[in-house]
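Reviewing the structure listed below.
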Amino acid sequence: MSNLKILCVHGIGHQEFDLDWQPRWDTAIKAGIAQWNPARTVQTQFLAYDDVFEATPMTPHGTVEGIGRLLLNSFIYGIGDIFHRRRGFRDIPEKIKWYAGMVTQWSENENLRKKCRERLQKTIAQVQPDVVCAHSLGTLIAYDLFVHPPQKAGTLDFKFVTFGAQIGNPTVRGMFGGYITEIGPQFWYNLYNQKDEVFVVSLRVPSQAYLQVETLFDEGHDAIGYLTHPNTVARVWRDIATSQAVPSQLTRRAFAAPQAVKKAARKPAPPRALLIGINDYPNPEDRLEGCVNDVFLMSSVLQECGFDAESIRVVLNERATAQGIRERIEWLLSDPVPGDVRFLYYSGHGAQIPGYGPGDTVDRLDECLVPHNFDWSRETAFTDDNFFDLYSQLPYETNFVTIFDCCHSGGMTRQGGAKVRGVNPPDDIRHRMLKWDIEKEMWVERKIDSPNRELETEFTGESKAKRRLGRAVNLRTLPSKEYDRARQQYKHKGPYLPMIYQACGENEYSYEYRHGVTSYGAFTYSLARILRRLGHQGRGITFSGLRDRIAKDLIELGYQQDPCLIGPGALCSQTVPWRGSGSRAEGKKK
């Protein structure tokens, strides 16, 4: 059996000055291989690149903007325990800010990135490795090479192991146009530790040649902790030691979280749906009447559309906490393959929650769903920050539709008793979005600078400073021309965006409708009625046509709410893939 050649690419921190790092990596890798194949000879070689960074100083402007952006994203999205333990931006240790500086130095300077790519490419040509192992900043350098240009898995004759990877960080992903693509190595293993505080996030890649392995340990970003973790030994080193062309099929309980198990090539699964409804909010003034009815109505319609009952999950009232919703959406969007149909429905209150940025100043408004335990904190809200990482990396051929029967303009009671599905913030939260106008001697709305004014209003709202649900705004960090150039260069379409139906416009209200003595959301009732009627008639309808029919229905019912459809333009004109079969009762009614 030939020698196993492994090329190692170190991470952040001038490790080349540490004389022990290479022997420790060498020992850890060889010990893992030896557990499965003691006779296999392992040769480790190491890439040096610190000199490239030392010869390329960072610009002061790039330092401030880039580090701030990277730290802010990590603070917003709760990356690493460090950001859960500390209140704000100023409390982040200098060590973490220094790490951010090195990542920023690499990301802001294309000439530096090119030199790093050339150094790694030359070393790979010389070494001819069987495996490339990269840690931290090294994962960015390696991925950057492998997407220049993007290639199908198996094009390159080696396997790729990443750990402590910042590739999925929103700021970094934004550089690549907001989407992480399949790359050329035979197989890509990513070791993920949720306790790693150095800008590391879970990474989802739409490829059959990719596997994320959970490697939870307390030392956070430590390379040896990753390399010697039991799951690494059992999953990665076993495959590599035995020279398997594809990873061995091991049970998901033993070695990895469900989303970390290799997705066997398969046809699309049966359609999957998650339905959320909340009537019984803790505050009596916030309680609604029709949301649970909406969920049962939508479940019946979806089953008439061909969804299996066992593929529809429901969460209601006190069980629909922020954490409960997140866990169930993980199920909804797990293990996707092209052609899968996924459906998310929410009926309840919506809100807008101000968010803090650098200097503990409010710098954005986040649209959010209002879980049962919502208390106007980020931990109890469900914003796009909790959501984008699950949908933005879906295969483009996935059919994911979301329906939000709520509004984000505050709550009130409509004349005649109809309830509105939105809640007003308490005064201390409202104060964050106000300022005192000395000349007018009155409170006025505070203006917030937009992070990207080139984005359309559908993405950032009329204020251009809002993060709207399902739009992946945080991955649109590049100006439009650079964003389009990145998508073309890396051969993708940008972040996956779901088809989004919202019950009303940005500054409108979503109302409840009383059908005799039974309450429903006016939007949901109209949606279900139209789908059943079309099913009974055996007719199809486009996504945009369905929106128009619902809008007409709501006007006829006397509701001043204009439903919205947001999604890729080409898809809006396509036929809805599900429609009700229709019932005799519905057919006779009209």
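Per the numbering used here, residue 453 is the first one in the sequence shown, and the count goes up by one each step.
For glycine and all other residues, C-beta sits at the position ideal for the given N, C-alpha and C.
Remember, it's a predicted structure, so these values are computed and weren't measured experimentally.
Specify, as a first and last residue, the run of the alpha helix (DSSP H) that methionine 750 falls within. 743–756
Glutamine 618 and valine 584 look like a contact to me (Cβ under 8 Å); what is the Cβ gap, rounded to whole Å? About 17 Å separates the beta carbon of glutamine 618 from that of valine 584, a gap too long to meet the 8 Å contact definition.
Tell me arginine 816's beta-bridge partners as DSSP assigns them. Gly807
For serine 596, report the span of its alpha helix (DSSP H) as first-last. In the sequence on display, residue 596 carries aspartate and not serine. Segment 589–598, the alpha helix (DSSP H) holding aspartate 596.
On the DSSP letters alone, give me the boundaries of the beta strand (DSSP E) that glutamine 495 sits inside. 494–499
Through-space distance from proline 581 to valine 688, alpha-carbon basis: 16 Å
With 16 other Cβ atoms within 10 Å as the buried cut-off, status of glutamine 664: Glutamine 664 should be labelled buried.
Would you please state the rounded distance, in angstroms, between the beta carbons of glycine 968 and cysteine 1016? I believe it to be under 8 Å. Between cysteine 1016 and glycine 968 the Cβ distance is about 28 Å, and since that is not below 8 Å, they are no contact.
Sorted by chain position, which residues of the same chain lie with C-beta nearer than 6 Å to alanine 480's C-beta, five sequence neighbours on each side aside? Ile676, Leu679, Thr680
Determine the DSSP secondary structure at methionine 885, reduced to helix, strand or coil. Three-state DSSP puts methionine 885 in coil, outside helix and strand.
Output yes or no for whether 8 Å exceeds the beta carbon distance between aspartate 827 and glutamine 804. Cβ distance not < 8 Å, so aspartate 827 and glutamine 804 don't count as in contact.
Among Lys567, Gln578, Ser971, Cys743, which one has its Cα closest to the Cα of aspartate 503? For the options Lys567, Gln578, Ser971, Cys743, the alpha carbon positioned closest to that of aspartate 503 is the one of Lys567.
For my contact list, leucine 572 and valine 461 are in at a C-beta cut-off of 8 Å; report their separation, rounded to the angstrom. The Cβ separation is near 7 Å, so the contact holds.
Check alanine 661 in the structure and name its three-state DSSP category. coil
Please name the residue, chosen from Glu770, Ala955, Thr970, that lies closest to glycine 742 on a Cα-to-Cα basis. Thr970
Looking only at its chain, what residues have a beta carbon closer than 7 Å to the beta carbon of alanine 938, apart from the 5 residues adjacent to it on each side? Phe628, Gly629, Leu930
Would you mind stating whether glutamine 638 and aspartate 674 have Cβ atoms separated by less than 8 Å? no
Verify whether the separation of the beta carbon atoms of threonine 694 and asparagine 455 is less than 8 Å. no
Are the beta-carbon atoms of leucine 821 and glycine 791 separated by less than 8 Å? no
Pick helix, strand or coil for phenylalanine 834, following the three-state DSSP scheme. strand
Measuring alpha carbon to alpha carbon, tell me which of Val624, Ile632, Gly620, Gly590 ends up nearest lysine 604. Ile632
For alanine 661, which residues from the same chain have a beta carbon less than 6 Å from its beta carbon, with the 5 sequence-adjacent residues on both sides left out? Ala605, Phe639
Using a Cβ-Cβ cut-off of 7 Å (strictly less than) and excluding sequence neighbours within five positions of leucine 668, which residues of its own chain qualify? Asn645, Gln646, Lys647
In terms of DSSP beta bridges, what is glycine 973 paired with? Bridge partners of glycine 973: Glu964.
So is tryptophan 783 buried or exposed if we call it buried at 16+ other beta carbons inside 10 Å? exposed
What's the call for histidine 883, buried or exposed, on a 16-neighbour Cβ count within 10 Å? exposed
Using only the alpha-carbon positions, how far apart do serine 829 and cysteine 858 sit? 19 Å
Where does arginine 919 sit, in a helix, a strand or coil, going by DSSP? strand
Sort out for me which residues DSSP pairs methionine 894 with in a bridge. Asp889
From glycine 992 to glycine 484, what does the alpha carbon distance come to, in whole angstroms? Using only the alpha carbons, I get a separation of about 57 Å.
Here's the rule I'm using: 16 or more other beta-carbon atoms within 10 Å means buried, otherwise exposed. How should valine 896 be labelled? exposed
Pull up the DSSP beta-bridge partners for lysine 457, would you. Paired residue(s): Gln495.
Expected contact under 8 Å - CB spacing of arginine 923 and leucine 949 to nearest Å: 7 Å
With DSSP as the reference, label valine 713 as helix, strand or coil. With a pLDDT of 40 at valine 713, under the threshold of 50, the predicted position of this residue should be treated as unreliable, though the coordinate-derived value follows. Three-state result, valine 713: coil.
Express the C-alpha separation of glycine 636 and tryptophan 477 in angstroms, rounding to a whole number. 25 Å
Suppose you measure from the CA of proline 509 to the CA of alanine 552; what does that come to, to the nearest Å? 15 Å
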